[in-house]
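Trainee:
Protein chains: 2
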Amino acid sequence: MNHAPRVGRVRAEMERRGIDVLLLSVGPDLPYLTGYEAMPLERLTMLVLPARGDARLVVPQLEAPRVDRGEDLFEVVPWAETDDPVDRVVGLLGGGSANPVVAIGDHTWARFVLALQAELPHAQWRRAHEVTSPVRVVKDADEIAALQAAASAVDAVAAEMRERPFAGRREIDVHRELVDRMLEHGHQRANFAIVAAAANAASPHHEPGERVIAQGDVVLCDFGGTMDGYCSDITRMFHVGPPPAEVRDAYELLEAAQEAGVRAATIGAPCSAVDAAARDVIGAGGHGEHFVHRTGHGIGTEAHEDPYMVAGNEDAIVAGHAFSVEPGIYLTGRFGMRLEDIVVATTAGPRRLNAAPRDLAVVG
Amino acid sequence: MNHAPRVGRVRAEMERRGIDVLLLSVGPDLPYLTGYEAMPLERLTMLVLPARGDARLVVPQLEAPRVDRGEDLFEVVPWAETDDPVDRVVGLLGGGSANPVVAIGDHTWARFVLALQAELPHAQWRRAHEVTSPVRVVKDADEIAALQAAASAVDAVAAEMRERPFAGRREIDVHRELVDRMLEHGHQRANFAIVAAAANAASPHHEPGERVIAQGDVVLCDFGGTMDGYCSDITRMFHVGPPPAEVRDAYELLEAAQEAGVRAATIGAPCSAVDAAARDVIGAGGHGEHFVHRTGHGIGTEAHEDPYMVAGNEDAIVAGHAFSVEPGIYLTGRFGMRLEDIVVATTAGPRRLNAAPRDLAVVG
């Protein structure tokens, strides 16, 4: 991956928006721009990227050996255990305006934001999102290939699960299996693996637990991870034994809603149209009140990023947008279901990256 | 775990320090105080805890079913997909001062800090650390038992690794094994597992990679996770085949330094004394310049927390402090080593929680 063009595009956004310096710490912007990921620890790592002039990476001395200087994107400024890293960052801003406009990485820890604000009382503070999101949101061919590879890996896991036993195992056991299989299929990191049986599936972000999966249970599996820097995210539904009519009917509606959402993802349409298309189908089927979340989120180096497929987001879809389409139906105390694929907007129409079978898999 | 007394102690700190309201999102403070952990996502979860009056948890509607209301510590305020959660938080502050003193969780994402600051331009912003750290830093008997259980679990893993083959395997393979074994031994989460062979071990935070471990390599394994809410962290050293004299000698020095650090951890001594004790031994052995990091960090619900065993920290050790003692010797381009146990300060003297053999294990 050649990072220099990305840095150039972000700098152009900084010029356009009057931002003097970008400060990046933990979170996806730093690896997106440089290939280096800050450790989420109390020792501060921070890239100081001025709109013009040299970039510096302030990094704990003991992590400096991890930094790959190969692309020569920044100078490394290591700090020792008894130094104050915030002083080092502030010192690197010294040459510019006394009232700098500073954009700071969205995930930067509050403790460092407050410490920087105390040292720079006249600075204006803005979100890095302003200058990184417009660049990150449009995926190029290499990025789409990376998202495709990650999607194919979780497709393989989803397909394998159709042949696996569910009854008698705890949710947490299936969770562990999903994590292991994602790693086996080339992911470096499993980010999440929701396994929710029966009534637990009515909680969209259920935490897998001790519940033993039983005959007659619907089981929701929503899992994803990171492979070569890009994220996967898929939801498939399983049923232990033949599903009753009510579940079959709801699932048929869900499939139609997901298909409608995908088809609505055409270039020039507002992001909200994808949400509306899926929601209309579920509403017409009488389950409108049971679809309690947005239809999708962007995906790239971050599991959830722009663009969001949600009511009120009137941003137009452009070629290279990558996002989930994942409507759900949740009946509190009874059961729930969700169906999710990653979709890329192309000039030839919406393209699903996931190809695993989408039917309600009957398992043992 | 009964959380109400913790909330009471934090509120007493808030009164003492003139803090009107505490805002907690992602990070360890929220689960420490309530048992509920915020998901690290773009949808804001935030506890609004005034010094006096009722606490509220602002939570995404789709995560509300995950919230256990059992202890009745707060009211749940769910927000729907098209609501603005920052407005909800600000609305809950409405009754108080126009210039509130707000303490915000140390790990809160910058994007939410900036959004809150924009809505509350006259507030004073402080770190939650001010009021949570004095409470969290002293572990009670239940917490020490939890840390002991987590330590014993990684002790078992460390002991098992002495019987395992290393030669011919990649660092990443041993990393995977450590993760699996931590989970098998009862951890819910593996937080890290550094495996660094030969010259890689000279980089204290080396990322395990494709390097194949070979005869004659020293191998550093530093791993830890979370078990029932409390963290483990241990470092043990392995050598593939008999170690040469230089490695043996350095390791002997390291063991003596670690022992000196542990013995210095007596009640009333400054935290810096633990660092100095370990550093003096390594310095006297001629490796002072090769010990490039502090000697230790506190541990509890967070892997690194107060108190830090570092030069300059003159805070006195008190009974119930729990922390690592982990000196290291790093010879760039050649090899490195570290030895780490978790120690609790007690009225009967320092007590190691880890009991796995501390010698340089010779493996195949």
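Protein sequences appear in the order of chains A and B. Counted the way the numbering used here counts, the first sequence spans residues 75 to 438. Counted the way the numbering used here counts, the second sequence spans residues 75 to 438. Heads up, the beta-carbon is just placed ideally off N, CA and C, and yes, glycines get one too.
Who are the near neighbours of Tyr-304/B in its chain, counting only those whose CB is closer than 7 Å to its CB and skipping five residues on each side?
Mentor: Glu-217, Ala-220, Leu-221, Ala-224, Gly-374 and Thr-375
Trainee: In the DSSP output, which residue or residues are listed as bridge partners for Leu-121/B?
Mentor: Leu-98/B and Leu-131/B
Trainee: Taking the CB atoms as reference points, tell me whether Ala-233/B and Ala-86/B lie closer together than 9 Å.
Mentor: no
Trainee: Comparing the C-beta of Arg-238/A with each C-beta of chain B, is any distance below 9 Å?
Mentor: Interface residue (Cβ-Cβ distance to chain B less than 9 Å): Arg-238/A is not classified as such.
Trainee: Output needed for Glu-111/B: all residues of its chain with C-beta closer than 7 Å, excluding positions within five of it in sequence on either side, in chain order.
Mentor: For Glu-111/B, where only same-chain residues beyond five positions count, the Cβ hits under 7 Å are Leu-104 and Pro-105.
Trainee: Pick from Asp-146/B, Ala-334/B, Val-366/B and Glu-116/B: whose alpha carbon is nearest that of Val-355/B?
Mentor: Ala-334/B
Trainee: Assign Val-392/B to one of two classes, buried (16 or more other C-beta atoms within 10 Å of its C-beta) or exposed (fewer than that).
Mentor: exposed
Trainee: Considering only C-alpha positions, which residue in the set Val-336/B, Val-366/B, Val-253/B and Ser-277/B is nearest to Gly-299/B?
Mentor: Val-253/B
Trainee: Using a C-beta cutoff of 9 Å, does Val-84/A count as contacting chain B?
Mentor: The beta carbon of Val-84/A does not come within 9 Å of any beta carbon belonging to chain B, so the residue lies off that interface.
Trainee: Look up Leu-22/A in the DSSP assignment and give the residues it is bridged to.
Mentor: In the structure as shown, chain A begins at 75 and stops at 438. Residue 22/A is therefore absent and cannot be evaluated.
Trainee: What does Leu-188/B reach in chain A if we use C-beta pairs closer than 8 Å?
Mentor: Ile-178, Val-187, Trp-199, Arg-200 and Arg-201
Trainee: Looking at the structure shown, is Arg-263/B part of a helix, part of a strand, or coil, going by DSSP?
Mentor: strand
Trainee: With 16 other CB atoms within 10 Å as the buried threshold, where does His-181/B fall?
Mentor: buried
Trainee: Is it true that the CB of Thr-340/A sits closer than 9 Å to the CB of Arg-450/A?
Mentor: A query on residue 450/A cannot be resolved here, the shown segment of chain A reaching from 75 to 438 and no further.
Trainee: Going by alpha carbons, who is nearest to Asp-94/B out of Ala-351/B, Val-176/B and Glu-237/B?
Mentor: Val-176/B
Trainee: Leu-118/A: which of Val-187/A, Glu-363/A and Arg-412/A sits nearest, CA to CA?
Mentor: When the alpha-carbon of Leu-118/A is set against those of Val-187/A, Glu-363/A and Arg-412/A, the nearest one is in Val-187/A.
Trainee: By DSSP's criteria, Pro-424/A is part of a beta bridge. Which residues make up the other side?
Mentor: Ala-419/A
Trainee: Taking 9 Å as the threshold (C-beta atoms), are Met-301/A and Val-437/A in contact?
Mentor: No.
Trainee: Under a CB-based cut-off of 9 Å, is Gly-386/A close to chain B?
Mentor: yes
Trainee: Report the residue from Ala-241/B, Met-256/B and Val-151/B whose alpha carbon sits nearest the alpha carbon of Ile-308/B.
Mentor: Among Ala-241/B, Met-256/B and Val-151/B, the Cα nearest to that of Ile-308/B is on Met-256/B.
Trainee: Give the residues from the segment 136 to 165 of chain A that approach chain B closer than 7 Å (Cβ to any Cβ), ordered along the chain.
Mentor: Leu-136, Glu-137, Pro-139, Arg-140, Glu-155 and Thr-156
Trainee: Chain A partners of Leu-107/B, CB-CB under 7 Å?
Mentor: Those do not exist, as Leu-107/B stays about 16 Å from chain A at its closest Cβ, beyond 7 Å.
Trainee: Which residues in the same chain as Gln-289/B place their Cβ atom closer than 6 Å to its Cβ, once the five residues preceding and following it in sequence are excluded?
Mentor: Ala-241, Val-314 and Gly-315
Trainee: When you compare each of Arg-337/B, Met-311/B, Val-336/B and Ala-338/B to Tyr-325/B by their alpha carbons, which one comes out closest?
Mentor: Met-311/B
Trainee: State the DSSP-derived secondary structure class of Gln-191/A, mapped to helix, strand or coil.
Mentor: helix
Trainee: Just mark Thr-421/B as buried or exposed, buried being the case when its beta carbon has 16 or more other beta carbons within 10 Å.
Mentor: exposed
Trainee: Does Leu-167/B come within less than 9 Å of chain A when only Cβ atoms are used?
Mentor: no
Trainee: Give a yes or no on whether 9 Å exceeds the smallest Cβ distance from Ser-306/A to chain B.
Mentor: no
Trainee: Cβ closer than 9 Å: which chain A residues qualify as neighbours of Val-132/B?
Mentor: Simply none; closest approach about 16 Å.
Trainee: Using the C-alpha atoms, what's the distance from Asn-428/B back to Glu-258/B?
Mentor: 18 Å
Trainee: In this structure, how does DSSP classify Gly-222/B when only helix, strand and coil are distinguished?
Mentor: According to the sequence shown, residue 222/B is Gln rather than Gly. Three-state result, Gln-222/B: helix.
Trainee: Three or more C-beta pairs under 8 Å: does that hold for the segment 206 to 215 of chain A against the segment 208 to 217 of chain B?
Mentor: no
Trainee: Flag this pair as yes or no: are the beta carbons of Gly-402/A and Val-292/A separated by less than 9 Å?
Mentor: no
Trainee: Spatial neighbours of Leu-194/B within its chain, please: CB distance less than 8 Å, with the 5 preceding and 5 following residues excluded, ordered by chain position.
Mentor: Val-164, Leu-167, Pro-174 and Val-176
Trainee: Taking 9 Å as the threshold (beta carbon to beta carbon), is Pro-278/A in contact with chain B?
Mentor: yes
Trainee: Identify whether Ser-171/A lies in helix, strand or coil by the three-state DSSP scheme.
Mentor: coil
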